[in-house]
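Asker:
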Ligand SMILES: Nc1ncnc2c1ncn2[C@@H]1O[C@H](COP(=O)(O)OP(=O)(O)OP(=O)(O)O)[C@@H](O)[C@H]1O
Ligand code: SF4
Ligand SMILES: [Mg+2]
């Protein structure tokens, strides 16, 4: 367990909606409301330095979308993502600043003027609030734009945030040997002044990921390696530039079961030794247990339970987590479980989300209120949260 308490990633009320494409005929002739897939819906969590944070849940619950948002490969619909305290989604350019200034000091005052003529006192007050926010945003933007340290940190992101891909068969270029594959980010980002230093670093990284002796591997091509060895090369490549944050989306799911745990342990050891914050995405609770200090269980875009891995897997409080644990090969035969709960039916679509608790159509504990109240994460104790209006009753927890 990590002792460090330095936040590397803060996801704050992050939402990602994908518009549902309509057919041409429907789009042209039917005036229906735009529908959205609620891939990620208002999620909040922090990953500390040296901490491995797991996202678990069934297929389609929004795990990969969350990873892509944190990697800045997708733009969020709303919410904030801070990387070491900085909102990295903003690129802090002069045109960006000018558009914010125009918005705050030109378009907003026009809107306010119009609302003064046509709208009620409440709507004017609301507008004033929004206008003040826009002015504040423009000011913060300007401060960041003039802050060399902030700009340097954003420039460094390519080095500081890395990804380990799911498929080691596709992600390594077949034309490069192991030396070139692992050295590529070092060379691109000009981390070392000399080629000798680059090569020494590559040998060190191969050694760290268990490809020993490294000299035996540097001249090999991906097709000359086993799946597990390829993924170790992928891990070495990600760690070689001393990243501060790594996203690994199902990094061992394509590999033989016999090598999975070994590779995860290597990743875990490296991230602990080097203080790297790690986002580990998996649908396999047993692997989450090997890897993660903290986990968040996702259901249809929402986090329904979040906290220390051992506690959640040993004694889950949310009905969905209980059902997930009951449904998969036992991660811990001694785990305390109240009963073996089936989950009713399949994961519904992320478009027509049930009112109230979105798990209610599948929850064996659902009562009438569950279709009226949308449960928010409640603090069970420090660092442990659950979103279920009946969790105390279900788990016989006294107030
Ligand atoms: N580019 C996209 N356009 C439209 N919908 C998308 C897109 N990407 C993902 N989705 C939808 O968003 C939801 C979440 O998808 P996501 O891939 O994040 O789930 P996941 O938890 O990673 O699933 P899996 O375990 O199968 O990888 C799904 O309903 C998916 O169909
Ligand atoms: S709020 Fe109701 S439906 Fe949702 S998980 Fe809890 S008991 Fe089940
Ligand atoms: Mg996925």
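Numbering (the numbering used here), first residue to last: 9 to 407. We put the beta carbon where it would ideally sit given N, CA and C, even for glycine.
#1: Quick one: is residue 442 buried, meaning 16 or more other Cβ sit within 10 Å of its Cβ, or exposed?
#2: Below 8 Å on the Cβ atoms is my contact criterion, and I expect residue 298 with residue 241 to pass it. Report the Cβ-Cβ distance as a whole number of Å.
#3: Are there any heavy atoms of ligand 5 lying less than 7 Å away from the beta-carbon of residue 72, as far as the coordinates show?
#4: Could you tell me whether any non-hydrogen atom of ligand 3 is closer than 7 Å to the CB of residue 292?
#5: Beta-carbon separation of residue 20 and residue 55 under 8 Å?
#6: Let me know if residue 270 comes out buried or exposed under the rule of 16 or more other beta-carbons within 10 Å of its beta-carbon.
#7: Can you tell which of 27, 23, 44, 53 has the C-alpha that lies nearest to the C-alpha of residue 302?
#8: For the beta strand (DSSP E) that contains residue 25, what are its first and last residues?
#9: If we ignore side chains and look at the alpha-carbon of each, how far apart do residue 22 and residue 61 end up?
#10: Nearest to residue 277 by CA position, among 244, 265, 262, 308, is which residue?
#11: Return yes when the Cβ of residue 182 is within less than 8 Å of the Cβ of residue 435, no when it is not.
#12: Between residue 368 and ligand 2, is the CB less than 7 Å from at least one heavy atom?
#13: Excluding the 5 residues preceding and the 5 following residue 136 in the sequence, name in chain order all residues of the same chain whose CB lies nearer than 8 Å to its CB.
#14: Do the CB positions of residue 325 and residue 394 come within less than 8 Å of each other?
#15: Could you tell me which residues DSSP pairs with residue 280 in its beta bridges?
#16: Ends of the beta strand (DSSP E) at residue 86?
#17: Flag this pair as yes or no: are the beta carbons of residue 291 and residue 64 separated by less than 8 Å?
#18: Would you report the Cα separation of residue 339 and residue 13, rounded to the nearest angstrom?
#19: For a test of the three-state rule: what should DSSP assign to residue 260, helix, strand or coil?
#20: If you draw a straight line from the C-alpha of residue 191 to the C-alpha of residue 175, how long is it?
#21: Buried or exposed: which applies to residue 117, given that a residue is buried once 16 or more other Cβ atoms fall within 10 Å of its Cβ?
#22: Say yes only if the C-beta of residue 69 is nearer than 7 Å to one or more non-hydrogen atoms of ligand 1, and no if none qualify.
#23: Should residue 396 go down as buried or exposed, given a rule of 16 or more other Cβ atoms within 10 Å for buried?
#24: Which same chain residues, not among the five before or five after residue 24, have their C-beta less than 7 Å away from its C-beta?
#25: Confirm, please, whether the CB-CB distance from residue 289 to residue 246 is below 8 Å.
#26: Residue 323: which of 352, 274, 405, 107 sits nearest, CA to CA?
#27: Helix, strand or coil, according to DSSP, for residue 183 in the structure here?
#28: Identify the continuous beta strand (DSSP E) that holds residue 105 and give its terminal residues.
#29: Looking at C-beta atoms only, is the number of pairs between the region 194-209 and the region 136-152 that lie closer than 8 Å three or more?
#30: To the nearest angstrom, how far is it from the Cα of residue 133 to the Cα of residue 75?
#31: Within its chain, find whatever has a CB closer than 6 Å to the CB of residue 402; leave out the 5 residues flanking it on each side and keep chain order.
#32: Buried or exposed for residue 357, going by 16 or more other Cβ atoms inside 10 Å?
#33: In three-state DSSP terms, what is residue 404?
#34: Confirm the yes/no value for this check: CB of residue 93, any heavy atom of ligand 1, distance under 7 Å.
#35: If you reduce the DSSP assignment to three classes, tell me which class residue 387 lands in.
#36: Please determine whether the Cβ atom of residue 26 lies at a distance below 7 Å from any heavy atom of ligand 1.
Answerer: Considering the structure as presented:
#1: The requested residue 442 is not part of the displayed model; the chain covers only 9 to 407.
#2: Going by Cβ atoms, the distance from residue 298 to residue 241 rounds to 21 Å, so no, they are not a contact pair.
#3: Ligands present in the displayed structure are limited to ligand 1, ligand 2 and ligand 3, and ligand 5 is not among them.
#4: Residue 292 Cβ: outside cutoff for every heavy atom of ligand 3.
#5: no
#6: By the neighbour-count rule (16 or more Cβ atoms within 10 Å), residue 270 is not buried but exposed.
#7: Of the candidates 27, 23, 44, 53, the one whose C-alpha sits nearest the C-alpha of residue 302 is 53.
#8: That run of the beta strand (DSSP E) goes 15-27.
#9: 16 Å
#10: 244
#11: Any property of residue 435 remains undetermined from this structure, which presents the chain solely from 9 to 407.
#12: yes
#13: Excluding the 5 residues flanking it on each side, residue 136 has same chain C-beta neighbours closer than 8 Å at 120, in chain order.
#14: In contact: residue 325 and residue 394 (Cβ atoms closer than 8 Å).
#15: In the DSSP output, where bridge partners are listed per residue, residue 280 has none listed.
#16: First-last of the beta strand (DSSP E) with residue 86: 86-91.
#17: Yes, they are a contact pair.
#18: Note that residue 339 scores 47 on pLDDT, short of 50, meaning its location in the model is unreliable and no value can be drawn from it.
#19: coil
#20: Note on geometry: alpha-carbon atoms of residue 191 and residue 175 lie some 20 Å from one another.
#21: Exposed is the call here.
#22: In this structure, ligand 1 has a non-hydrogen atom nearer than 7 Å to the beta-carbon of residue 69.
#23: With 16 or more Cβ atoms within 10 Å of its Cβ, residue 396 is classed as buried.
#24: 47, 48, 73, 77, 82, 84, 85
#25: no
#26: Residue 323 has its Cα closest to that of 405, out of 352, 274, 405, 107.
#27: coil
#28: Counting along the chain, residue 105 falls outside any beta strand (DSSP E), though it belongs to the alpha helix (DSSP H) covering 102-110.
#29: With the cut-off at 8 Å, the region 194-209 and the region 136-152 do not touch.
#30: 38 Å
#31: 373
#32: exposed
#33: coil
#34: For ligand 1, not one heavy atom lies less than 7 Å from the Cβ of residue 93.
#35: strand
#36: yes
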